[in-house]
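Take a look at the structure set out below.
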Amino acid sequence: MAQKSVAGPEIERLIQLLAKLPGLGPRSARRAALHLIKKKDQLLVPLADAMGVAVREIGICSVCGTVDTCDPCTICSDPQRDRSVLVVVEDVADLWALERAGAVNARYHVLGGTLSPLDGVGPEDLNLASLVERCAAGDLAEVILAINATVEGQTTAHYIMDQLSHLDVTVTRLAHGVPVGGELDYLDEGTLAQALKARTRV
Ligand code: ZN
Numbered sequence: 001m002a003q004k005s006v007a008g009p010e011i012e013r014l015i016q017l018l019a020k021l022p023g024l025g026p027r028s029a030r031r032a033a034l035h036l037i038k039k040k041d042q043l044l045v046p047l048a049d050a051m052g053v054a055v056r057e058i059g060i061c062s063v064c065g066t067v068d069t070c071d072p073c074t075i076c077s078d079p080q081r082d083r084s085v086l087v088v089v090e091d092v093a094d095l096w097a098l099e100r101a102g103a104v105n106a107r108y109h110v111l112g113g114t115l116s117p118l119d120g121v122g123p124e125d126l127n128l129a130s131l132v133e134r135c136a137a138g139d140l141a142e143v144i145l146a147i148n149a150t151v152e153g154q155t156t157a158h159y160i161m162d163q164l165s166h167l168d169v170t171v172t173r174l175a176h177g178v179p180v181g182g183e184l185d186y187l188d189e190g191t192l193a194q195a196l197k198a199r200t201r202v
């Protein structure tokens with residue numbers, strides 16, 4: 001027997017969309033939807049406005065691949081940052097984690113993932129060509145590979161080292177503090193700062 005509807009399809013659609021968010025299953029999506037609806041003026045309307053702005057204004061930086069409302073992004077166009085150092089990360093979440101740690105005042109390059117032949121992710125699927133271009137431009141002294149200590153992360157790091165081996169740039173990696181299999185976004189700021197300080201030449 002088909003289940004009876006308890007509300008209009010608009011509410012079901014809101015729940016289905018919320019259920020696609022990381023960490024939210026159908027049950028918590030239902031709870032979140034109900035919370036939003038009950039707090040319409042305090043929460044639902046401001047959230048809808050913020051999302052409308054996000055849809056209109058937020059894009060991907062054409063230089064480094066992070067998300068921002070301007071292009072080049074705030075970090076790329078910041079004159080206070082050390083332009084001789086480039087920090088390579090897998091994801092925007094890792095960039096944010098490093099910025100929270102405040103360990104480095106450099107610019108970034110966001111790969112958008114890691115090489116994973118099993119999942120069909122090859123070099124052309126990541127921001128790798130633009131990384132080599134930036135490194136070849138000549139004003140960089142050091143490239144820090146702040147890449148997760150997972151199998152895919154290390155495969156990606158080796159690929160990058162190989163691609164940059166003919167260039168006159170020092171490549172370093174994070175050292176102590178990053179557990180094997182660990183993801184940067186889950187580390188506390190102190191561990192992350194330590195790992196960055198103790199980076200090793202490769
Ligand atoms: Zn940028």
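Residues in the sequence shown are numbered consecutively from 1, following the UniProt record's numbering.
For each residue, glycine too, the CB sits at the ideal point set by N, CA and C.
Every value quoted in this text rests on a predicted model; they were computed, and no experiment measured them.
Alpha-carbon spacing of residue i relative to residue j, whole angstroms
i    : j    : result
E124 : E99  : 27 Å
I15  : T172 : 45 Å
L21  : H109 : 25 Å
A101 : A29  : 31 Å
L126 : T170 : 22 Å
P26  : Q80  : 45 Å
T156 : V121 : 11 Å
I58  : W96  : 16 Å
Q154 : E10  : 45 Å
Close Cβ partners of residue i (< 7 Å) along its chain, the five nearest in sequence each way excluded
i    : result
L24  : L18, A32
M161 : V171, V202
Closer than 7 Å: residue i CB and nearest the ligand ZN heavy atom
i    : result
P72  : yes
V85  : no
V63  : yes
I147 : no
I75  : yes
T66  : yes
Close-in-space but distant-in-sequence residues of the same chain around residue i (CB under 6 Å, 5 per side omitted)
i    : result
V132 : Q163
P72  : C61, V63
A137 : none
N105 : R81, D82
Beta carbon proximity, residue i to chain D, threshold 8 Å
i    : result
H158 : Checking the listed chains, one finds no chain D in this structure; it contains a single protein chain.
Per-residue DSSP class, three states only, for residue i
i    : result
H109 : strand
D82  : strand
C90  : A small fix is needed here, since residue 90 is Glu in this sequence, not Cys. In this structure, E90 counts as coil in the three-state DSSP scheme.
E142 : strand
R201 : strand
D162 : helix
T155 : helix
I147 : coil
Per the contact definition of three or more C-beta pairs closer than 8 Å, is the segment 136-145 in contact with the segment 80-87? yes
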